[in-house]
Amino acid sequence: MSWVMIILLLIASYLILVPLLTYLSAKRQIGVKVTSENGEAESRLIYFYTESCPPCKQMTPIIDDLSTQHENISKINVSNDPEAARAYKIRATPTLVLVKDGVIDDILLGAKKTAQIETLLNKIKH
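Residue numbers for the sequence shown follow UniProt numbering, beginning at 1 and rising by one.
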């Protein structure tokens, strides 16, 4: 096998494995208990983002619009609050974390459309 083929296989493996490991790491958080800042087990949607992330720039206006209709949406800029990102084991932005009654119920990676976010929010409506 030629060196060019080996290098291409290594690059392809890297491009497949890194996103896969990020996804699997995020999904392992499902079922983990978390508490809010006031120590209570609440239901909420947490949006992790950075200002320099192009998909975040696309998604932030959607989150801002939805947060006017839903009070249980939190935004965390991981550049300004790396401790929160570490606590939730956030490896990529944008990331949506759905917390239901103090337990991580679902995690979505990447930019999402309004309908997908509303589906998450409907899971925690009382």
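All C-beta atoms, glycine included, are put in the ideal place defined by N, C-alpha and C.
Residue i in three-state terms, based on DSSP
i	result
S52	coil
N80	coil
K57	helix
K33	strand
Beta-bridge pairing of residue i - partner residues as DSSP gives them
i	result
V99	R44 and I104
S74	I46
L109	T95
Cβ-based burial, residue i [other Cβ within 10 Å; buried from 16]
i	result
K33	exposed
L45	buried
Y14	exposed
K123	exposed
Sub-8 Å separation of residue i and residue j beta-carbons
i	j	result
I7	Y47	no
N77	E51	yes
Practice problem: Count the C-beta pairs between the stretch 89-97 and the stretch 47-60 that are closer than 8 Å, then say yes if the count reaches three, no if not. | Solution: yes
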